[in-house]
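Just add 1324 to wherever you are in the sequence shown, counting from 1, and you've got the working numbering.
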Amino acid sequence: MARIGEFNQLAISRESDIGLYLDGGEHGEILLPSAQVPVGVMPYHTLQVFLYFDTGDRLIATTRMPYVTVGTFAYLEVVDVHPKLGAFLDWGLPKNLLLPFGQMEDKVVPGQGLVVTVLRDPETDRLAATTRIRRLIDLTPAEYEVNEAVDLLVLDETDLGYNAIVNHRHRGLLYHSELAEALDYGATLRGYVARVREDGKIDLRRDPSGISRKGDMAEKIFAELEQSGGFLPFNDHSSPASIRDRFSMSKKAFKQGIAALYRQRRIQITERGIQRVLQ
């Protein structure tokens, strides 16, 4: 069955002067306008398309990729606010996405960014955005491996760190101690699973850990040291922000890396920084 607000693999029913008609099952034939038809498509092909209602309130297909779909989360910009309907968001399609007043947690203004997901009305199939997303995040115990790479979307800041949506499904926490800089609401970034707690909550970090990772960090630091003539003004006292700017790693990973190099007798650690040991 074709699902509105999601990507679907649909067969071509017929060609017309205005595009291709696709088999939408119980929704009937759905137009893919000529401007959206990929080059070289043949009548027996199927196409991956996104389904939504256009400005004429007609169900239509597109090969464009919206910024958010039913079942995913994204940070979208408010482009307009209607006094009776709600806010309209830019989601990458010609018709903006409606955020009804009833789905807002707070008042919004044009130019503001919001973390939202898309709801599909079960009776009418109409699509709308909502900022009331916490109730939609999966709270069942997550099955992640330690050090597994995950996609993160930053939600808010707490005393411990930043809450983030993990892989469009779960919620995790990035601790302040793992970060070299503040994170912005709605920022997307790559992270790694540090631990999945018994209650299903997920502890996150910016960098993977473990013995192999320490070795990678050590070699990265040593390569920077070689390129800088054998000295770098970084040590245990350097700020987390300066370390991430230079090495793209957390201060914790940096300290593990220079500790490994010191044990290998490849560097000296001084008050001024780290110095390559000549062999």
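Each residue gets a CB set at the ideal place from its N, CA and C atoms; glycine is no exception.
query, result
"Anticipated Cβ contact below 8 angstroms, valine 1394 with valine 1442, distance rounded", "5 angstroms"
"Cutoff 8 angstroms; reference lysine 1525; Cβ partners in own chain excluding five residues on either side", "Arg1495, Gly1496 and Leu1497"
"Burial state of serine 1574 (16 or more Cβ within 10 Å)", "buried"
"Cβ-Cβ separation, methionine 1428 to threonine 1455 (assumed contact under 8 angstroms), whole Å", "6 angstroms"
"Same chain only: Cβ atoms within 7 angstroms of histidine 1351, ignoring 5 sequence neighbours per side", "Ala1326 and Leu1383"
"Cutoff 7 angstroms; reference serine 1536; Cβ partners in own chain excluding five residues on either side", "A caution first: serine 1536 carries a pLDDT of 45, below 50, which makes its placement in the model too unreliable to give a value."
"Whole beta strand (DSSP E) elements within the segment 1404-1458, 3-residue minimum", "1410-1414, 1421-1424, 1437-1444 and 1451-1454"
"Cβ shell of serine 1358 (< 7 angstroms), same chain only, five flanking positions each side left out", "Ile1342 and Gly1343"
"Glutamine 1592 - DSSP class collapsed to helix/strand/coil", "strand"
"Cβ shell of isoleucine 1598 (< 8 angstroms), same chain only, five flanking positions each side left out", "Ile1545, Leu1549, Phe1555, Leu1556, Phe1558, Asn1559, Ile1582, Leu1585, Ile1591 and Gln1592"
"Outcome for tyrosine 1368 when other beta-carbon atoms lying within 10 angstroms are tallied against a minimum of 16", "exposed"
"Three-state secondary structure (DSSP) of leucine 1549", "helix"
"Buried/exposed call for lysine 1418, threshold 16 Cβ in 10 Å", "Looking at the sequence itself, residue 1418 is proline, so the reference to lysine does not match. Exposed."
"Limits of the unbroken beta strand (DSSP E) element including arginine 1529", "1526-1529"
"Distance CB(leucine 1421)-CB(leucine 1375) smaller than 8 angstroms", "no"
"Cα-Cα separation, glycine 1534 to glutamine 1551", "Caution applies to glycine 1534, whose pLDDT of 48 falls short of 50 and renders its modelled position unreliable; the value that the coordinates give is listed next. Using only the alpha carbons, I get a separation of about 26 angstroms."
"Chain-order list of residues whose beta-carbon lies under 7 angstroms from that of valine 1403 (same chain, five-residue window excluded)", "Phe1412, Leu1413, Asp1414, Asn1420 and Pro1434"
"Arginine 1519 beta carbon less than 8 angstroms from that of aspartate 1531", "no"
"Candidates Val1478, Glu1401 and Ala1453, of which the one nearest glycine 1426 by Cα", "Ala1453"
"Where arginine 1529 falls, given that 16 or more other Cβ within 10 Å makes a residue buried", "buried"
"Contact check, valine 1363 vs leucine 1371, beta carbons under 8 angstroms", "no"
"Pair within 8 angstroms by beta-carbon distance, glycine 1410 and leucine 1400", "no"
"Rounded separation between arginine 1568 and glutamate 1543 - CA only", "16 angstroms"
"Best match in Glu1595, Thr1396, Pro1390 and Phe1377 for proximity to leucine 1476 [C-alpha to C-alpha]", "Thr1396"
"Beta-ladder partner(s) of leucine 1507, from DSSP", "Answer is none; leucine 1507 lacks a bridge partner."
"Where isoleucine 1535 sits in the DSSP three-state scheme", "Unreliable positioning characterises isoleucine 1535 in this predicted model, as indicated by a pLDDT of 43, which lies under 50. The coordinate reading is nonetheless provided below. Isoleucine 1535: helix per DSSP, three-state reduction."
"Counterpart residues of threonine 1370 in DSSP-defined beta bridges", "Ala1335"
"Leucine 1355, enclosing beta strand (DSSP E) - first and last residue", "1353-1357"
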